[in-house]
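Scroll down for the structure; my scribbles are underneath it.
In the UniProt record's numbering, the protein residues as written are 1 to 330.
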């Protein structure tokens with residue numbers, strides 16, 4: 001009977017006994033061990049893990065094989081957000097409503113210009129006309145941008161995809177920042193398109209107004225409107241990240257934008273002076289100040305309105321960031 005020589009592993013000792021240089025990943029199946037041979041006592045899981053890493057304790061909390069860069073996380077969040085049907089519908093409705101309201105206001109604003117300035121209106125009247133047409137829809141669209149912010153985070157929790165997201169990108173802070181940046185970029189682009197089309201509609205109705213488009217008053221009003229819509233979307237994003245509920249997030253942002261000012265108006269019958277002052281710093285009046293441009297005639301002023309709106313957003317975003325990092329994703 002001929003015996004075929006079997007290849008031997010230089011890292012192995014006698015049959016069934018691993019040699020000193022045996023690799024923990026390339027071990028062979030031991031078939032010749034005696035059935036009654038004593039089984040070596042295993043150490044603690046930490047010791048076993050340390051042995052597999054060359055005697056050094058393994059890093060805890062790191063995801064093996066995960067090397068997704070921040071750019072990759074950004075691309076992933078952009079693809080996910082723009083692939084959601086609810087987000088697509090929201091964006092289309094936002095564009096349709098914004099452009100439609102600008103068209104209606106362009107016709108009404110033309111009557112205003114002719115009534116105030118006649119055949120040769122002043123630059124101030126033309127600037128007011130341009131801002132009125134291009135930013136008229138901003139208060140109404142604030143709720144729509146808020147809904148966009150809610151959908152951008154709660155859609156993953158409702159579908160359970162947040163678990164896959166965090167498995168692929170375990171750095172939760174990085175994921176949160178990427179979501180916020182993608183949302184900000186989309187909201188800024190949509191808000192700018194609506195404002196730009198509004199300016200175009202205003203010029204079509206009254207061509208003489210084109211001479212005032214590049215003035216600081218008009219440009220600051222457009223910029224303020226875009227910033228306001230982005231901050232509203234981020235405010236809703238932060239609230240939704242805390243609540244993790246689509247219905248709860250939408251209810252909260254609608255209450256903050258539209259219901260709270262009504263409550264303050266009811267309280268004004270008390271005659272308390274602070275009620276009227278506090279009401280000016282709610283999100284909706286702040287949006288009106290920002291869309292009016294840097295004219296210095298609004299209360300609060302343009303700069304104070306931008307700062308206050310940023311504080312509103314930070315109050316929701318900062319707790320949401322730490323909650324997203326520490327809370328269980330389920």
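Quick reminder that beta carbons are idealized off the backbone N, C-alpha and C, glycines included.
- Taking the CA atoms as reference points, residue 257 sits about 30 Å from residue 126.
- The Cβ neighbour count for residue 206, taken over all protein chains shown within 10 Å, is at least 16; the residue is labelled buried.
- Ranked by Cα distance from residue 142, the first of 281, 228, 262, 318 is 228.
- Exclusion of the five residues before and after residue 162 leaves 156, 329 as the residues of its chain whose Cβ lies within less than 6 Å of its Cβ.
- Every alpha helix (DSSP H) stretch that sits fully inside the segment 223–276 and reaches 4 residues is listed by chain position as 246–254, 260–267.
- The beta carbons of residue 280 and residue 300 sit about 6 Å from each other, so the pair counts as a contact at 8 Å.
- Under the Cβ criterion (8 Å, minimum of three pairs), the segment 75–83 counts as touching the segment 172–190.
- Taking a C-beta distance under 8 Å as the contact criterion, residue 87 and residue 81 qualify as a contact pair.
- When the Cα atoms are used, residue 255 and residue 235 turn out to be separated by approximately 13 Å.
- With a 10 Å radius around the Cβ and a threshold of 16 neighbouring Cβ atoms, residue 211 comes out exposed.
- In this structure, residue 183 and residue 140 do not form a Cβ contact; the two beta carbons are roughly 20 Å apart against a cut-off of 8 Å.
- Taken through DSSP and simplified to helix, strand or coil, residue 286 comes out as helix.
- In its chain, beyond the 5 residues on either side, 131, 135, 291, 292, 293 have a beta carbon closer than 7 Å to the beta carbon of residue 221.
- Residue 312 sits buried, since 16 or more C-beta atoms from the chains shown fall within 10 Å of its C-beta.
- Here residue 138 has 225, 287, 291 as same chain residues with Cβ atoms under 6 Å from its own Cβ, once five neighbours each way along the sequence are excluded.
- Just so you know, the alpha carbons of residue 274 and residue 282 end up roughly 13 Å apart.
- Residues of the same chain with a CB within less than 6 Å of the CB of residue 198, apart from the 5 flanking positions on each side, are 102, 133, 134 in chain order.
- 128 is the residue among 128, 230, 245, 96 whose C-alpha sits nearest the C-alpha of residue 209.
- According to the DSSP assignment, residue 131 belongs to the alpha helix (DSSP H) that extends over 123–135.
- In this structure, residue 144 sits near residue 97, with a CB-CB distance shorter than 8 Å.
- Shown here for residue 110: same chain residues with a beta carbon closer than 6 Å to its own, the five before and five after excluded, namely 205, 206 in chain order.
- Minimum Cα-Cα distance from residue 243 among the listed residues 104, 150, 187, 112 corresponds to 150.
- In the DSSP annotation of this structure, the continuous segment of the alpha helix (DSSP H) that includes residue 154 starts and ends at 138–159.
- Around the C-beta of residue 230, 16 or more other C-beta atoms lie within 10 Å, and the residue is accordingly described as buried.
- Collapsing the DSSP output to three states places residue 299 in coil.
- Across the set 114, 321, 272, 223, the C-alpha of 223 shows the shortest separation from the C-alpha of residue 306.
- Classified as buried, residue 324 has 16 or more neighbouring CB atoms from the shown chains inside 10 Å of its CB.
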